[in-house]
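Below is one structure, written out as structure tokens, with a few remarks after it.
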Amino acid sequence: MKKIILCVFVLLFSTQVFAASYDSINNKLTALERDVRKMADGIAAYNKPIFEVQLTKKERTYVDWETEEKALTGVIWNRVWAKDNTVVLGSADKNKKFGSLMFKTTDSKKTFSGGIHVGSTTGDLERFLGAPLNTVAKALNEMTNGRAVITQGNKITITGPVQETDAPEDPLITISCVNGMITEISMSWTDADLEGCISQKALNFANQRAKEMGMSRLK
Numbered sequence: 003m004k005k006i007i008l009c010v011f012v013l014l015f016s017t018q019v020f021a022a023s024y025d026s027i028n029n030k031l032t033a034l035e036r037d038v039r040k041m042a043d044g045i046a047a048y049n050k051p052i053f054e055v056q057l058t059k060k061e062r063t064y065v066d067w068e069t070e071e072k073a074l075t076g077v078i079w080n081r082v083w084a085k086d087n088t089v090v091l092g093s094a095d096k097n098k099k100f101g102s103l104m105f106k107t108t109d110s111k112k113t114f115s116g117g118i119h120v121g122s123t124t125g126d127l128e129r130f131l132g133a134p135l136n137t138v139a140k141a142l143n144e145m146t147n148g149r150a151v152i153t154q155g156n157k158i159t160i161t162g163p164v165q166e167t168d169a170p171e172d173p174l175i176t177i178s179c180v181n182g183m184i185t186e187i188s189m190s191w192t193d194a195d196l197e198g199c200i201s202q203k204a205l206n207f208a209n210q211r212a213k214e215m216g217m218s219r220l221k
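Counting along the sequence shown from 1, when you hit position 153 you're at 155 in the numbering used here, and nothing is skipped either side.
The structure is reproduced here in structure tokens:
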């Protein structure tokens, strides 16, 4: 009887620790995402773009997830900013008050929550998240069917925070690490959120600039 009680206690304790680790890790990623988005929005609001395009009616059309009918977004404009190894793609309605949709940087001078920046080590990232990367992977991949943390040879990508809703309110960040060092930090809204908001010309232009800067594609 004592062994059974002990086993149940250990199981419950392990579950509580796992839940606490997941919440803590996800909260840290949320803080990082908000920092990255704040910077991206600032670039979109206060800097001169290098590209601007008006979306076509087709590009502004999306399917409303509630009514399942086609609708037209209020987004009319896309702009692209590219400077200091950073690319931002943003959108605006007729008032032209731009916010960011996508962001990618390899600029080591751009620092976010916990001092995280391109050039930080995976050890720095582990200290910020409060857990080893294998624990981070276990915690987040349990909630995303293995999509949050992906390891391919010497490359690790972490995408978060995990949003447990059908209509996420925040974009996602992706931290790319190669050989134990952060090489890129990216942000993007989900495919569903981007529907009706993106000009293919703007996306192509942004990806061309990213390629010229030696970065991976924004999308």
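A virtual CB, placed ideally from N, CA and C, is assigned to each residue, including glycine.
Predicted, not measured: the structure shown is a model, and the values here were computed from it.
Rounded straight-line distance, which links the Cα of residue j to that of residue i
i: S190; j: R39; result: 9 Å
i: D65; j: D193; result: Inspection of the sequence shows that residue 65 is occupied by Val rather than by Asp. Cα to Cα, V65 sits roughly 12 Å from D193.
i: G76; j: K50; result: 22 Å
i: T107; j: R149; result: 22 Å
i: I45; j: D109; result: 14 Å
i: G92; j: A208; result: 10 Å
i: L127; j: E71; result: 43 Å
i: L57; j: N143; result: 36 Å
i: D86; j: N29; result: 29 Å
i: W79; j: I52; result: 13 Å
i: K203; j: Q210; result: 11 Å
i: L220; j: T69; result: 30 Å
i: I231; j: T161; result: Lying before the first or after the last residue shown, residue 231 is absent from the chain, which here runs from 3 to 221.
i: Q165; j: E214; result: 33 Å
i: G117; j: D37; result: 11 Å
i: A154; j: D95; result: Here residue 154 turns out to be Gln, not Ala, going by the sequence shown. Rounded to the nearest angstrom, the two C-alpha atoms are 40 Å apart.
Proximity to residue i [Cα-Cα], best of the options
i: S26; options: A133, E54, M217 and E71; result: A133
i: E186; options: L205, R36, T123 and E128; result: T123
i: K98; options: M41, E54 and D37; result: E54
i: A42; options: T88, K96 and T69; result: T88
i: G182; options: L135, E171, A141 and E214; result: L135
i: G216; options: L31, D95 and A84; result: A84
i: I177; options: S218, L205 and A47; result: S218
Sub-7 Å separation of residue i and residue j beta-carbons
i: V180; j: N156; result: yes
i: S188; j: E61; result: no
i: F105; j: V120; result: no
i: T159; j: I152; result: yes
i: L34; j: S102; result: no
i: P173; j: T32; result: no
i: F100; j: R129; result: no
i: S23; j: A212; result: no
For residue i, the three-state DSSP class (helix, strand or coil)
i: S178; result: strand
i: T124; result: helix
i: K213; result: helix
i: K112; result: coil
i: K221; result: coil
i: F207; result: helix
Legend entry - beta strand (DSSP E) segments (min. 3 residues) lying fully within the region 136-173: As far as the region 136-173 is concerned, its whole beta strand (DSSP E) runs of at least 3 residues are 151-154 and 157-162.
Legend entry - Runs of alpha helix (DSSP H) lying entirely within the region 18-102, each at least 4 residues, in chain order: 59-62, all fully within the region 18-102.
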